[in-house]
Amino acid sequence: MRIDVFTIFPELINQATSISVIGRGRQAGVLDLKIHDIRESTTDTHRTVDDAPFGGGAGMVMKPEPVFAAVEATNPPRPLIYLTPAGRQFNQKMAQDLATTDGFSLLCGRYEGIDERIREHLIDDEVSVGDVVLAGGEVPALLVLEAVGRLIEGVLGNEDSTEDESFSDGLLEYPQYTRPAEFRDWQVPEILRSGNHEQVKKWRKAQAIRTTLNHRPDLIKSRGGITLEEAALLEEFGEQNPPTQL
Ligand code: SAM
Numbered sequence: 182m183r184i185d186v187f188t189i190f191p192e193l194i195n196q197a198t199s200i201s202v203i204g205r206g207r208q209a210g211v212l213d214l215k216i217h218d219i220r221e222s223t224t225d226t227h228r229t230v231d232d233a234p235f236g237g238g239a240g241m242v243m244k245p246e247p248v249f250a251a252v253e254a255t256n257p258p259r260p261l262i263y264l265t266p267a268g269r270q271f272n273q274k275m276a277q278d279l280a281t282t283d284g285f286s287l288l289c290g291r292y293e294g295i296d297e298r299i300r301e302h303l304i305d306d307e308v309s310v311g312d313v314v315l316a317g318g319e320v321p322a323l324l325v326l327e328a329v330g331r332l333i334e335g336v337l338g339n340e341d342s343t344e345d346e347s348f349s350d351g352l353l354e355y356p357q358y359t360r361p362a363e364f365r366d367w368q369v370p371e372i373l374r375s376g377n378h379e380q381v382k383k384w385r386k387a388q389a390i391r392t393t394l395n396h397r398p399d400l401i402k403s404r405g406g407i408t409l410e411e412a413a414l415l416e417e418f419g420e421q422n423p424p425t426q427l
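Read left to right, the sequence shown gives residues 182 to 427 (my numbering).
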């Protein structure tokens with residue numbers, strides 16, 4: 182997969198994607214990440230990428246010429262996605278959809294954002310990483326890169342490791358434990374040490390439902406509540422009168 186990133190801080194993207202899972206994906210050639218410095222597409226001696234907003238007001242705005250020039254010189258994979266608080270909120274489903282494509286591109290804003298003509302005539306989509314305002318699109322771009330990159334075949338060592346994760350079937354993940362079995366008098370649940378794989382699987386599913394009900398009832402609601410089978414599973418593991426509707 183090829184992913185192109187347009188930024189005025191290429192080093193920030195390069196460093197963060199050179200280590201760990203994404204770094205391995207890049208090294209293995211599974212993830213072809215091309216990072217473009219928008220400043221290199223300026224034509225003035227000061228390499229200016231921003232200017233004051235028409236109509237006045239605080240801050241600066243990213244100029245259209247270098248952004249258009251950088252993108253048009255590259256012909257990057259589409260869609261070209263602008264990271265912005267005004268975009269659709271990024272989630273696991275979007276990460277999964279992007280991971281099935283051959284590639285896409287990310288545009289990182291800075292200052293007060295980008296000239297509206299870039300939005301209207303260059304980008305294809307807008308994505309937000311949450312209702313929060315960051316100083317630039319680089320951290321959001323890294324979030325998207327990591328979420329998508331780890332889903333690409335060959336990037337994670339163990340191909341199964343994304344299967345049971347949070348959001349994979351509309352539920353959060355079940356609690357995980359490792360050695361030691363006893364730590365400061367706190368025991369790992371007996372069932373996980375029983376060796377009974379069928380019971381472990383059922384316990385994990387019950388815990389995933391319980392965790393999601395406690396932390397994100399909205400997720401349960403949007404998957405249409407819990408089934409009678411799931412309610413029975415909760416009862417089997419100690420839940421009194423589990424809800425089947427929210
Ligand atoms: N003036 C803009 C506003 O009020 O929406 C905020 C600009 S912000 C300081 C600078 C850049 O950071 C934006 O152009 C965008 O690329 C990026 N950014 C900030 N918050 C973001 C978020 N929640 N999701 C995605 N990108 C974000």
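Think of the CB as a built atom: it goes at the ideal place given N, C-alpha and C, for glycine as much as any other residue.
Check your understanding: Per DSSP, leucine 193 forms a beta bridge with which residues?
Key -> Within the sequence shown, numbered from 1, the residue matching residue 193 stands at position 12. Answer by DSSP bridge pairing: none, since leucine 193 is not bridged.
Exercise for review: Could you name the residues of the same chain whose beta carbon sits closer than 7 Å to that of aspartate 123, not counting the 5 residues immediately before and after it, in chain order?
Suggested key: This structure cannot speak to residue 123, because the chain is shown only from 182 to 427.
**Study point:** Three-way DSSP call (helix, strand, coil) for histidine 227 in this model
**Key:** Counting from 1 along the sequence shown, the entry for residue 227 is found at position 46. Coil at histidine 227, not helix or strand.
Practice item. Alpha carbon to alpha carbon, how far is glutamate 246 from aspartate 394? Give it in angstroms, no decimals. Key: Within the sequence shown, residue 394 is the residue found at index 213, counting from 1. Within the sequence shown, residue 246 is the residue found at index 65, counting from 1. The question names aspartate, yet the displayed sequence has leucine at residue 394. Straight-line Cα distance between these residues: approximately 50 Å.
Check your understanding: For the beta strand (DSSP E) that leucine 429 lies in, which residues bound it at each end?
Key -> What is shown of the chain runs 182 to 427, which leaves residue 429 out entirely.
Review point. Where do the ends of the alpha helix (DSSP H) carrying valine 320 lie?
Key: By 1-based counting over the sequence shown, the position of residue 320 is 139. That run of the alpha helix (DSSP H) goes 319–330.
Practice item. Using only alpha-carbon positions, find the residue among Ala267, Gly317 and Gln270 that is nearest to methionine 241. Key: Counting from 1 along the sequence shown, the entry for residue 241 is found at position 60. Out of Ala267, Gly317 and Gln270, Gly317 has the C-alpha closest to the C-alpha of methionine 241.
Point to revise | Beta carbon of aspartate 305 nearer than 8 Å to that of leucine 261 | key: Stepping through the sequence shown from its first residue, residue 305 is reached at position 124. Stepping through the sequence shown from its first residue, residue 261 is reached at position 80. Their beta carbons are under 8 Å apart, which means aspartate 305 touches leucine 261 by this criterion.
Review point. Excluding five sequence neighbours on each side, which residues of the same chain lie with their C-beta closer than 7 Å to the C-beta of isoleucine 401?
Key: Counting from 1 along the sequence shown, the entry for residue 401 is found at position 220. These residues qualify, in order along the chain: Thr393, Leu394, Ile407 and Leu427.
Review point. For lysine 274, does the count of other Cβ atoms within 10 angstroms reach 16, so buried, or fall short, so exposed?
Key: As a position in the sequence shown, residue 274 is number 93, starting the count at 1. The residue is exposed, with fewer than 16 neighbouring Cβ atoms inside 10 Å.
Check your understanding: Residues in its own chain within less than 7 Å of valine 230 by CB, not counting five upstream and five downstream?
Key -> Mapped onto the sequence shown, residue 230 falls at position 49. So the list reads Ile189, Ile219, Arg220, Thr223, Met243, Lys244 and Pro247, once near-sequence residues are dropped.
Practice item. Please confirm whether any heavy atom of the ligand SAM lies closer than 7 Å to the CB of threonine 359. Key: Taking the sequence shown and counting its residues from 1, one reaches residue 359 at position 178. No, since every heavy atom of the ligand SAM falls outside the 7 Å radius drawn around the Cβ of threonine 359.
Exercise for review: Count the other CB atoms, across all protein chains shown, that sit within 10 Å of the CB of glutamine 388; report buried if there are 16 or more and exposed otherwise.
Suggested key: One-based indexing of the sequence shown puts residue 388 at position 207. Buried, by the Cβ-count rule.
Point to revise | Distance cut-off 7 Å: proline 266 Cβ against heavy atoms of the ligand FMN | key: Here the bound small molecules are the ligand SAM; the ligand FMN is not part of this structure.
**Study point:** Short Cβ contact (8 Å threshold) for tyrosine 263 with leucine 279
**Key:** Here residue 263 refers to the residue found at position 82 when the sequence shown is read from its first residue. Here residue 279 refers to the residue found at position 98 when the sequence shown is read from its first residue. With respect to the 8 Å criterion, tyrosine 263 and leucine 279 are not classified as neighbours on the basis of their beta carbons.
**Study point:** Three-pair Cβ contact test at 8 Å for the region 376–388 versus the region 355–366
**Key:** yes
Practice item. Have a look at Gln270, Gly294 and Phe418 and flag the residue whose alpha-carbon is nearest the alpha-carbon of proline 234. Key: In the sequence shown, counting from the first residue as 1, residue 234 sits at position 53. Closest option to proline 234, Cα to Cα, is Gly294.
Point to revise | Cβ-based neighbour list, leucine 139, same chain, cut-off 6 Å, excluding 5 preceding and 5 following | key: Look at the range of the chain in this structure, 182 to 427, and you will see that residue 139 is not part of it.
Check your understanding: Name the DSSP bridge partner or partners of aspartate 232?
Key -> If you number the sequence shown from 1, residue 232 lands on position 51. In DSSP, aspartate 232 forms a bridge with Val242.
Point to revise | Where the alpha helix (DSSP H) through leucine 415 begins and ends | key: Taking the sequence shown and counting its residues from 1, one reaches residue 415 at position 234. 409–417 is the extent of the alpha helix (DSSP H) around leucine 415.
Exercise for review: Might you give, ordered along the chain, the residues of its own chain that have their beta carbon closer than 6 Å to the beta carbon of proline 321, omitting 5 neighbours on each side?
Suggested key: The residue you call residue 321 lines up with position 140 of the sequence shown. For proline 321, where only same-chain residues beyond five positions count, the Cβ hits under 6 Å are Leu264 and Val310.
Exercise for review: Answer yes or no: do valine 325 and phenylalanine 249 have a C-beta to C-beta separation smaller than 8 Å?
Suggested key: If you number the sequence shown from 1, residue 325 lands on position 144. If you number the sequence shown from 1, residue 249 lands on position 68. Not closer than 8 Å, so no.
Point to revise | Pick from Thr226, Thr282, Glu297 and Arg391 that is closest to glycine 351, judged by C-alpha positions | key: The residue labelled residue 351 in the question sits at position 170 within the sequence shown. With distances taken between Cα atoms, glycine 351 lies closest to Arg391.
Review point. What is the DSSP secondary structure of isoleucine 200, counted as helix, strand or coil?
Key: Against the sequence shown, residue 200 aligns to sequence position 19. Note: isoleucine 200 maps to coil in three-state DSSP.
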